[in-house]
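Accompanying notes for the structure given below.
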Amino acid sequence: MEGKTIGIIAVVIVVILGGWFLLKGTPANAPTTTDTTPPADITTTTATTQSGVTVTYTDQGFSPANVAIPLGTSVTFVNQSSGNMWVASAMHPTHTAYSGTSLSQHCPDTAGTAFDECAATASGSSYTFVFNKAGTWKYHNHLNISQFGAVTVTAAN
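Residue numbering for the sequence shown follows my numbering, beginning at 110 and increasing consecutively.
What follows is the structure in structure tokens.
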């Protein structure tokens with residue numbers, strides 16, 4: 110009887126170990142893909158001349174949030190919201206992405222080189238910036254960082 114019990118225990122152990130090895134397997138790697146298609150709810154406007162692009166700021170955010178322009182083109186941000194707007198380059202709260210200087214270093218931006226409004230402006234006002242650096246420059250409303258966009262600046266051919 111004692112031999113029978115040992116045999117049953119041995120069979121159970123073998124079944125458990127076999128099941129564990131069978132089910133363990135090797136982890137599958139998830140396929141990696143890069144989706145370059147913008148989400149359906151985001152509109153990108155492309156300027157074909159250097160006359161400028163207008164981005165409207167409302168209570169819902171920037172529209173269009175993403176614009177593509179040639180080097181040397183201006184973008185005018187018009188505040189049509191019920192509150193204040195402060196357009197600024199990424200990263201919040203320092204605004205260093207475009208100029209490489211922090212908010213405390215470049216404000217007030219008297220030279221017009223920092224892509225930072227440097228102060229809140231009321232409804233009905235606007236802020237214009239001329240982009241003289243190629244690249245994709247993310248921006249946000251410093252007063253409401255959930256509202257943001259990007260300006261893609263391409264060098265002339």
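All residues carry an ideal CB built from backbone N, CA and C; glycine is no exception.
Can you have a look at residue i and say buried or exposed, based on whether 16 or more other CB atoms are within 10 angstroms of its CB?
i, result
"residue 168", "exposed"
"residue 190", "buried"
"residue 226", "buried"
"residue 139", "Below a pLDDT of 50, predicted positions are generally treated as unreliable, and residue 139, at 44, falls in that range; no measurement from the model is reported."
"residue 174", "buried"
"residue 120", "exposed"
"residue 160", "exposed"
"residue 245", "exposed"
"residue 276", "Residue 276 is absent from the structure shown; the chain starts at 110 and stops at 266."
"residue 182", "buried"
"residue 122", "exposed"
Please list, in chain order, all residues of the same chain as residue i whose beta carbon is under 6 angstroms from its beta carbon, the five residues on each side excluded.
i, result
"residue 257", "249"
"residue 172", "165"
Output needed for residue i: all residues of its chain with C-beta closer than 7 angstroms, excluding positions within five of it in sequence on either side, in chain order.
i, result
"residue 178", "156, 162, 184, 240, 260, 262"
"residue 265", "179, 180"
"residue 217", "227"
"residue 291", "As displayed, the chain neither begins before 110 nor continues past 266, which places residue 291 out of reach and without an answer."
According to DSSP, what are the bridge partners of residue i?
i, result
"residue 179", "263"
"residue 196", "250"
"residue 172", "165"
"residue 244", "262"
"residue 114", "Answer is none; residue 114 lacks a bridge partner."
"residue 123", "Per DSSP, none; premise fails for residue 123."
Tell me which same chain residues have a C-beta within less than 8 angstroms of the C-beta of residue i, skipping the five on either side of it?
i, result
"residue 53", "For the chain, the structure presents residues 110 to 266; residue 53 sits outside this window and is missing."
"residue 201", "249, 251, 254"
Rounded to the nearest angstrom, how far is the Cβ of residue i from that of residue j, given a contact under 8 angstroms?
i, j, result
"residue 205", "residue 211", "5 angstroms"
"residue 224", "residue 207", "4 angstroms"
"residue 220", "residue 188", "About 23 angstroms; that fails the 8 angstroms criterion."
Inset, instruction - Note down, one range per segment and in chain order, each beta strand (DSSP E) of at least 3 residues found wholly within the stretch 201 to 245. - result: DSSP runs (the beta strand (DSSP E)) wholly in the stretch 201 to 245: 235 to 239.
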